[in-house]
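Novice: Mind the numbering: the sequence shown is residues -28 to -1, 1 to 246 in mature numbering (1 follows the signal peptide of the UniProt record, and there is no 0), read in order.
Backbone N, C-alpha and C define an ideal beta-carbon position, used for all residues, glycine too.
Can you keep this structure in mind? I'll have questions shortly.
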Amino acid sequence: MFTQRKPRAPRFLLLAALPVAGLATVTACGDEQAPGSVKVGGAPVDGVHWTVRSMTVDGTTTRAPNGAYLEFVSDQRVRGNYGCNRFDARATVTDTGVALGKSATTKMYCEDKKQRAFEKSLAHALAAENTVKTSDDDSRLTLTGPDGAVISLVKQRDARLVGTKWTVTGLGADDGVQPLPKSAEGRARLVFAKNGTVSARLGCNSGDARTTVADGHITFGPLTSTKMGCVGEASDVEQTMRTVLKGRTSYDIQGDSLTLKAADGTTIALTAGT
């Protein structure tokens, strides 16, 4: 039977400003509270995934990279993704404001210059004393910093594993995931069905396999696929796909993002509905 929620075990490296002894404090502070107990503008903001849609700095609005988000774990802790690297931060969350303090973050190198620039701007803006406004239907948050920087977020429930068309957007390993090369974009995807099968486009060939989903893992049966000869970047994508879609693989869903990781660390990043 398919299960949607599962334990997370993110790998964090420390920021230079954070002493080694402080990591346990950051990741433990502000234990998760009962749903609805963290409120901004009178509206509950915890228990959901807030996707960062855009940032406006000095009058210029920049769309956020896929995967940028915030989660309000408690009124003292916020975690998320700056657009490339994940973070887990001490925070001060009140009815009218949000500010992040010391944090732990992953240290992946992000090749895309625009992605790096957005990540730097978002991290800087979130560290300020931001005022917060909620939309009338509580589906959007707007954070405004003292320098006028504006962060726009939208409430997003985690996508369902089953029935969603998951398009592969990145490949990597424990040390980070990089975007697909342009020539391979849109050529690989997965669709998990209610009958316990997965249909796969591997980047060159296509196929299907039986699956069992439980306890944050997907166990893939033998993959039956076409046997076309593949070369170049399409072949590289396919080989990575075949490594991950074999045996027991961990999975994690954050909003519209799915991450699959094989036992050896080989990783596929996918986005819903693209």
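Once DSSP output is grouped into helix, strand and coil, what is the label at T212?
Specialist: Position 240 of the sequence shown, counted from the start, is the residue given in the question as residue 212. Note: T212 maps to helix in three-state DSSP.
Novice: Can you look up E83 in the DSSP assignment and give me helix, strand or coil?
Specialist: In the sequence shown, residue 83 corresponds to position 111, counting from 1. Reduced to three states, the DSSP call for E83 is coil.
Novice: Which one of C82, S75 and A40 has the shortest CA to CA distance from G148?
Specialist: Mapped onto the sequence shown, residue 148 falls at position 176. It is C82.
Novice: Which residue from V122, H189 and Q128 puts its Cα closest to that of residue 292?
Specialist: One cannot answer for residue 292 here, as it falls past the ends of the chain, which runs -28 to 246.
Novice: Out of curiosity, what's the CA-to-CA distance linking T231 and T116?
Specialist: Within the sequence shown, numbered from 1, the residue matching residue 231 stands at position 259. Within the sequence shown, numbered from 1, the residue matching residue 116 stands at position 144. T231 and T116: Cα-Cα distance of roughly 31 angstroms.
Novice: Compare the beta carbon distance of residue 247 and F59 with 8 angstroms and say whether it is the shorter of the two.
Specialist: Since the first and last residues shown for the chain are -28 and 246, residue 247 lies out of range.
Novice: Once the 5 residues before and after G2 are set aside, which same chain residues still bring their CB inside 8 angstroms of it?
Specialist: To locate residue 2, count along the sequence shown from 1; it is residue 30. In this predicted model, G2 has a pLDDT of only 42, less than 50, meaning its place in the structure is not dependable; the value taken from the coordinates is given anyway. Correct list, in chain order: V45, S46, D47, Q48, R49, R62 and A63.
Novice: Measuring CB atoms only, is the segment 10 to 20 touching the segment 106 to 114, in the sense that at least three cross pairs come out at less than 8 angstroms?
Specialist: yes
Novice: Give me the Cα-Cα distance between F192 and D208, rounded to the nearest whole angstrom.
Specialist: By one-based count along the sequence shown, residue 192 stands at place 220. By one-based count along the sequence shown, residue 208 stands at place 236. In a straight line, the C-alpha of F192 is about 20 angstroms away from that of D208.
Novice: Let's see if you can read the secondary structure: which residues bound the beta strand (DSSP E) around P151?
Specialist: Translated into positions along the sequence shown, residue 151 becomes position 179. G148 to P151 is the extent of the beta strand (DSSP E) around P151.
Novice: What distance in whole Å lies between the Cβ atoms of V163 and T183, which are believed to be in contact at a cut-off of 8 angstroms?
Specialist: Residue numbering aside, residue 183 sits at position 211 when the sequence shown is read from its first letter. Residue numbering aside, residue 163 sits at position 191 when the sequence shown is read from its first letter. Contact flag wrong, Cβ pair sits at about 11 angstroms.
Novice: Do you know offhand how far C176's Cα is from A156's?
Specialist: Sequence index remark: in the sequence shown, residue 176 carries index 204 (1-based). Sequence index remark: in the sequence shown, residue 156 carries index 184 (1-based). Cα to Cα, the separation comes out at about 9 angstroms.
Novice: Roughly how far, in whole angstroms, is the beta-carbon of L242 from the beta-carbon of V126, given that I think they are within contact range, below 8 angstroms?
Specialist: As a working mapping, residue 242 is identified with position 270 in the sequence shown. As a working mapping, residue 126 is identified with position 154 in the sequence shown. Not quite, the Cβ-Cβ distance comes to about 20 angstroms (not below 8 angstroms), so this is no contact.
Novice: Assuming V17 contacts L113 (C-beta within less than 8 angstroms), just tell me the rounded distance between them.
Specialist: Here the question's residue 17 lines up with position 45 in the sequence shown. Here the question's residue 113 lines up with position 141 in the sequence shown. With a Cβ gap of about 7 angstroms, V17 and L113 count as contacting.
Novice: Under three-state DSSP, which class holds R159?
Specialist: As a first step, residue 159 is located in the sequence shown; it is residue number 187 there, counting from the start. Coil at R159, not helix or strand.
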